[in-house]
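Novice: I have a structure here, written as structure tokens, and I will follow up with some questions on it.
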Amino acid sequence: MADNIARVFADAIAIDPTRPLLTWYDDATGERTELSGATCANWVAKTANLLVDDAALGPGDTAAVLLPPHWQTAAVLLGCWSAKLTVVDAPGAVDVLFAAADRIDAAAAWPAGERYALALDPFALPMRQVPSGFTDFVSAVRGHGDHFTPYPQAGEADAELLARAEARGAELCLAPGDRLLIDVTRHPDPIDWLLAPLAAGASLVACANLDPSRLDPRTATEKVTRTLT
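For the sequence shown, numbering that gives the first Met the number 0 gives the first residue as 0, with consecutive numbering after it.
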């Protein structure tokens, strides 16, 4: 059994790296982005390499992630956990900060050594105007390697998150091979929309601003087996 989040993620894509692992919809914008396990792994590895090589961070360092549910948020969170950073919730000083373009003002409550801004563009394009004091995440991360070897030991925070994810997966009756459709606007906790499916060996259809009229056809099209709306 996997004993840390990085291994959970690796196990989730090992059977078939080409299958869709995370499909992202935003019904307010019409966006649909589908990422295979291999593509997700590349983004996660690039993020972890950015943290280790550029920011010189590692086990015990802290990160603030001021991002809404999104496929790029998944890459940031999993990259942080792969590098054994602790993602904290309470405002305060951290080693690295990731903030969405519309949450830059809130970042003032999180003094940080490194600060990355994300436009969350549907095509992962760089920001047109980078906020003062920030580095554009997409521009910075693209130059890093597609492979990263996670630290093997599970820290206390890592183990606690994994235990919560496994418990939530059991509550949702998720099983290997399931495909979970979730309304992330109503369920923004990464335990729900990211870690529980991964821990259960399920794939994910994450929907922001879910249009109820699209639920049934999307469930059929995406071969959904479980829903959380």
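The beta-carbon is built from N, C-alpha and C at its ideal position, and this holds for glycine as well. If you're wondering where the values come from, they're calculated on a predicted model, not measured in any experiment.
Would you mind reading off the limits of the beta strand (DSSP E) that contains Phe-97?
Specialist: Here the beta strand (DSSP E) through Phe-97 covers 93-99.
Novice: Where does Asp-25 sit, in a helix, a strand or coil, going by DSSP?
Specialist: Strand at Asp-25.
Novice: Starting from Thr-32, follow the beta strand (DSSP E) in both directions and report where the run begins and ends.
Specialist: 30-35
Novice: Distance, Cα to Cα, Glu-165 vs Pro-125?
Specialist: 35 Å
Novice: Buried or exposed for Asn-3, please, with buried defined as at least 16 other CB atoms from any protein chain shown within 10 angstroms of its CB.
Specialist: buried
Novice: Express the C-alpha separation of Arg-127 and Gly-112 in angstroms, rounding to a whole number.
Specialist: 23 Å
Novice: Say whether the segment 199-215 touches the segment 14-25, bearing in mind that this needs 3 or more beta-carbon pairs closer than 8 Å, one atom from each stretch.
Specialist: Touching, yes.
Novice: Mapping the DSSP letters down to three states, classify Ala-123 as helix, strand or coil.
Specialist: coil
Novice: What ranges does the beta strand (DSSP E) occupy inside the segment 46-71, keeping only unbroken runs of at least 3 residues that lie completely in it?
Specialist: 61-65
Novice: Going by the beta-carbon positions, is the gap between Ala-40 and Ile-12 smaller than 8 Å?
Specialist: yes
Novice: Jot down the residue ranges of each uninterrupted alpha helix (DSSP H) in the segment 139-180, minimum 4 residues, whole runs only, in chain order.
Specialist: 155-170
Novice: Between the segment 133-142 and the segment 63-70, do three or more beta carbon pairs fall short of 8 Å?
Specialist: no
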